[in-house]
Amino acid sequence: MLDKNIELFIAVKQLRAKWKQTTLAILSVSVGVMILICALSLTNGFEKDLVNKILGTNPHISIESALSDRILNYQQSINKLKSIDGVSSVTPAIKGQALINNGIEVKGVLVFGVDPELESKNSDWKKYIIKGNLDKKSQSGIVLGSELARKMALSIGDSIQLVTGVGTITPLKITGIFRADFYEIDVRIAYINLIQAQNIYKLPNAINTLSVKLKDPFQADQISEKILDIVPAFNVRSWLRDNKGLLSAMAMEKKVIFLVMMFIIIVAMLGIANLLVMIVLEKTMEISILRAIGASKMNISLIFLYQGMSIGISGIVFGCLSGYFVSSLLSRYPISLPSDVYIIGNLPIDMQANDFIFVSISAFVVCLFASIIPARRAVKLRPIETIRRNR
């Protein structure tokens, strides 16, 4: 029975003798780990950025009347909703389709009539305003998304006409422009004052939407059920249900990326297995002598397991460090994307400790598995016959 330190010594010595192949195997693992970490960080960043944009410009729960096109005495409903555990705030709003006419072309928009002061407590839309603002006292102002303003060549102070389905044509002046860096929002959303919206959509002293903000946005479906129990005459929609397809697609995308990138590490595993098999073939005599002087099959197996572990750990450490470095670089100097092609403006990065741990464990298991094949081959050698053949 060999001492464990001797097993490790022999393992390292044999790897050093094949230093070029060993270095290549370590680099293969490093590259695989680095690419996998960068890919997962990009996927996390994309998902986080997208969710933040959705939550920043949309209510967590949207409530409309199931009986008519308006909600009367809405303050009573607001008070009831605020009493529900998990609800942070509730604000009145008017939501409606409209056309914007700048005298040259016409574009369709989704108009939100909001109280600027109340809405700033309910969502982050105000922080996305890059020029001007929406004045609570103004009855003729409108805030457009940056992509819509760009496409229609509009800027602060320009005049447009807002045409609605209820037959109103209202002249408005652009008082603000916002940019969420989310193309679908920036190209089709507009904000006007709530009182102004009541006049335009012919809803005096009424609204058609209640916007609910939650303490935990991911509890939206559960709290929607509570709302229906209290106010059954309402249609209740949560942001999770509205974006279920998108969120499911992102979750599936992350799994697919992980599986695809794991193939790179599996290729590295084949390189490790090939290296260790070469060592078995070249060191057949040494292995046989070790067996002859008392080394057990377990001792021989451990030598190759240590070699696989050494390559794996070295590759994982270098891969994690390089993955962190590349991801940090992309986070500090983000790559811009054309907003009319992609729904986000740049490549967001979100490194998570869980990903580093999961990737490291997965890569280590793969490398350990790669050393099993040569280890099994080595222990099958018959020491007496091998020594006789090599005399």
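Here the sequence shown stands for residues 2 to 392, where the numbers follow the numbering used here. Heads up, the beta-carbon is just placed ideally off N, CA and C, and yes, glycines get one too.
Around the C-beta of K127, 16 or more other C-beta atoms lie within 10 Å, and the residue is accordingly described as buried.
Contact check for V13 and S311: beta-carbon distance about 7 Å, within the 8 Å limit, so the pair qualifies. Proximity to Q220 across I85, S78 and N74 peaks at I85, based on C-alpha coordinates. Counting along the chain, S361 sits inside the alpha helix (DSSP H) bounded by residues A354 to A371.
With 16 or more neighbouring CB atoms inside 10 Å of its own CB, W240 falls in the buried class.
If you keep only unbroken alpha helix (DSSP H) runs of at least 4 residues inside the stretch 169 to 241, you get 184 to 187, 195 to 201 and 221 to 231.
Shortest Cα-Cα distance from T92 to any of P117, D70 and F47 involves P117. Residues A234 of the same chain have their beta carbon placed closer than 6 Å to that of L68, with the five preceding and five following residues left out of the count. Residue pairing of K96 in beta bridges, as defined by DSSP: F113. By the Cβ-count criterion, S90 is buried, with 16 or more other Cβ atoms from all chains shown falling within 10 Å of its own Cβ.
V112 is not a Cβ neighbour of E148, given a cutoff of 8 Å. Taking 8 Å as the cut-off, the Cβ atoms of I161 and L173 count as close.
Taken through DSSP and simplified to helix, strand or coil, V164 comes out as strand.
Excluding sequence positions up to five before and after R151, its CB lies less than 7 Å from no other CB in the same chain.
Following the DSSP letters along the chain, one finds I62 inside the beta strand (DSSP E) bounded by residues I62 to S66.
Between the alpha carbons of P205 and G97 lies a gap of roughly 15 Å. The stretch 37 to 57 and the stretch 190 to 198 do not touch, with fewer than 3 CB-CB distances between them shorter than 8 Å. Per the coordinates, the alpha-carbon of A40 lies some 14 Å from the alpha-carbon of N355.
Collapsing the DSSP output to three states places G133 in a strand. Taking one beta carbon from each stretch, the stretch 22 to 38 and the stretch 322 to 338 have 3 or more pairs nearer than 8 Å; the two touch.
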